[in-house]
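*Asks:* Here the numbering used here is used: position 61 in the sequence shown is 69, and no number is missing along the way. Beta carbons: idealized from backbone N, C-alpha and C, even for Gly.
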Amino acid sequence: MSRPVETEGPRVVLVTGGSRGIGLACAEWFLAQGDRVAITSRTGAPERDPGEGPDRFLSLTCDMTDADQVDSAFGAIEEAWGPVEVLVANAGITRDGLVLRMSEDAWSEVIDTNLTAVFRVSKRALTKMLRLHRGRVIMISSIGAFIGSAGQANYAASKAGLVGMARSMAREVASRGITVNVVAPGLVETNMLAGLDDARRAEYASQVPLGRVAKPEEIAEVVGFVASDGAGYVTGAVLPVDGGLAMGL
Ligand code: NDP
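As structure tokens, then:
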């Protein structure tokens, strides 16, 4: 019989790619709940300082594609606060190009960062969650996983891969009270969207039933819910947060 999922007091949360955009909004959401939050990115410092001090907020330099750096980052968090109880696997990149012009490097770089690195950090986090008999893994996918996007075969494949991976992991760890879920944003106002050309951006926005792109905070709210005690019976789920863009898929 597993111990209950609920915990008292602050949780230890890791948000990968927490230096800006959706990841930083998630980090700020968890800090506002009173949790202890670590963020990782290749460049280290967050775009704005959430300002909770070293007892509540750790900013770590860590390239998710490097296994040694990932292990060191987990080591630093565990030394400061103990094992990660909530993992938000958010770090992601695009390297767009039409298939016939897409190099194998562009393919591999995106798959390594968006899919293989999520496997790596999830496995590392689950090792300790299994001993705790509790934990939440939340992977940030994209509606591109379901609808595809011209010029993003690598990205869509990586984001679709997360769904099968999350559901397999969810089945493996469910008996220990650990949930694994996927949040799939639509269009979100971040650096990543700024990389789209105006024509594609306008075309996408015009197709959103709610008529606008999302703020990063709107994705963070849903991630926060999935991590909450109230979502204890939700696992292996894919939650679109897309203003209705991919509804029904
Ligand atoms: P941003 O480009 O604004 O932020 C990406 C974050 O990931 C940064 O903190 C970046 O920091 C970090 N990162 C990138 N590569 C690595 C790496 N190898 N190791 C560690 N950190 C890394 O992206 P968004 O906030 O827009 O996107 C966040 C997630 O949401 C991504 O997975 C993205 O695919 C997904 N998403 C975004 C949508 C959007 O419209 N914006 C829509 C759907 C999904 P640094 O560069 O310093 O490493």
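1) Is the beta carbon of G100 less than 7 Å from the beta carbon of N122?
2) Say yes only if the C-beta of V23 is nearer than 6 Å to one or more non-hydrogen atoms of the ligand NDP, and no if none qualify.
3) Can you pull the DSSP bridge partners for P193?
4) Return yes when at least one heavy atom of the ligand NDP lies under 6 Å from the C-beta of I155, else no.
5) Pairing CB atoms from the region 86-99 with CB atoms from the region 19-32, are three or more of them under 8 Å?
6) In or out: N189 buried (at least 16 other Cβ within 10 Å) or exposed?
7) With distances taken between CB atoms, is the gap from V216 to I148 smaller than 7 Å?
8) Just reading off the beta strand (DSSP E) that R144 is part of, what are its end residues?
9) If distances are taken between C-alpha atoms only, which option among A210, R142 and T102 comes closest to E117?
10) Taking the runs of the beta strand (DSSP E) that are 3 residues or longer, which of them lie wholly in the region 39-113?
11) On the DSSP bridge list, what partners appear for T187?
12) Return the chain-ordered list of same chain residues with a C-beta closer than 6 Å to the C-beta of V145, the five sequence neighbours on each side being excluded.
13) Since A222 sits in a beta bridge, which residues does DSSP pair it with?
14) Within 6 Å: the Cβ of T51 and any heavy atom of the ligand NDP?
15) For R128, tell me which candidate among F82, L257, R50 and G31 has the shortest Cα-Cα distance.
16) I need the boundaries of the beta strand (DSSP E) containing V171, first residue and last residue.
17) What do you get for P12, buried or exposed, if any count of 16 or more other CB atoms within 10 angstroms of its CB means buried?
18) Applying the 10 Å Cβ sphere with the 16-neighbour rule, what's the burial state of M173?
19) Using 8 Å as the Cβ pair cut-off and three pairs as the minimum, do the region 245-254 and the region 48-63 touch?
20) Using a Cβ-Cβ cut-off of 6 Å (strictly less than) and excluding sequence neighbours within five positions of A161, which residues of its own chain qualify?
21) Taking all protein chains shown into account, decide if L32 is buried (16 or more other Cβ within 10 angstroms of its Cβ) or exposed.
22) Just to confirm, are R50 and D74 a CB contact at a threshold of 7 Å?
23) With distances taken Cα to Cα, identify the nearest neighbour of R175 among A245, P54 and G256.
*Replies:* Result, derived from the coordinates:
1) Reading the sequence shown from its first residue, position 92 is the one you call residue 100. Reading the sequence shown from its first residue, position 114 is the one you call residue 122. A contact, by the Cβ cut-off of 7 Å.
2) Indexing the sequence shown from 1 puts residue 23 at position 15. Every heavy atom of the ligand NDP is 6 Å or more from the Cβ of V23, so no.
3) For this step, residue 193 is matched to residue 185 along the sequence shown. Per DSSP, V249.
4) Taking the sequence shown and counting its residues from 1, the one referred to as residue 155 is at position 147. I155 Cβ: outside cutoff for every heavy atom of the ligand NDP.
5) yes
6) Residue 189 sits at position 181 when you count from the first residue of the sequence shown. Classification for N189: buried.
7) Here the question's residue 216 lines up with position 208 in the sequence shown. Here the question's residue 148 lines up with position 140 in the sequence shown. In this structure, I148 does not lie closer than 7 Å to V216 by Cβ.
8) Here the question's residue 144 lines up with position 136 in the sequence shown. Residues G143 to I148.
9) In the sequence shown, residue 117 corresponds to position 109, counting from 1. The candidate whose alpha carbon is nearest that of E117 is T102.
10) 44-49, 65-69 and 94-97
11) As a first step, residue 187 is located in the sequence shown; it is residue number 179 there, counting from the start. Looking at the DSSP assignment, T187 forms a beta bridge with R144.
12) Position 137 of the sequence shown holds residue 145. Excluding residues within five positions, the ones whose Cβ falls inside 6 Å are L95, S130 and V188.
13) One-based indexing of the sequence shown puts residue 222 at position 214. Answer by DSSP bridge pairing, in chain order: V196.
14) Along the sequence shown, one-based indexing puts residue 51 at 43. Because some heavy atom of the ligand NDP lies under 6 Å away, the Cβ of T51 counts as near it: yes.
15) Looking up residue 128 in the sequence shown gives position 120. R128 has its Cα closest to that of F82, out of F82, L257, R50 and G31.
16) Taking the sequence shown and counting its residues from 1, one reaches residue 171 at position 163. Careful: V171 lies outside any beta strand (DSSP E), inside the alpha helix (DSSP H) at A161 to V181.
17) What you label residue 12 is simply residue 4 of the sequence shown in a count that begins at 1. Only weak support exists for where P12 lies, its pLDDT of 42 falling under 50; the value from the coordinates is given anyway. Exposed, because fewer than 16 other Cβ atoms sit within 10 Å of the Cβ of P12.
18) Position 165 of the sequence shown holds residue 173. Answer is buried; the Cβ neighbour count reaches 16.
19) no
20) For this step, residue 161 is matched to residue 153 along the sequence shown. If we look at A161 and ignore the five residues flanking it on each side, its Cβ neighbours are V107.
21) In the sequence shown, counting from the first residue as 1, residue 32 sits at position 24. The residue is buried, with at least 16 neighbouring Cβ atoms inside 10 Å.
22) Taking the sequence shown and counting its residues from 1, the one referred to as residue 50 is at position 42. Taking the sequence shown and counting its residues from 1, the one referred to as residue 74 is at position 66. No, Cβ-Cβ distance for R50 and D74 is not below 7 Å.
23) Indexing the sequence shown from 1 puts residue 175 at position 167. With distances taken between Cα atoms, R175 lies closest to A245.
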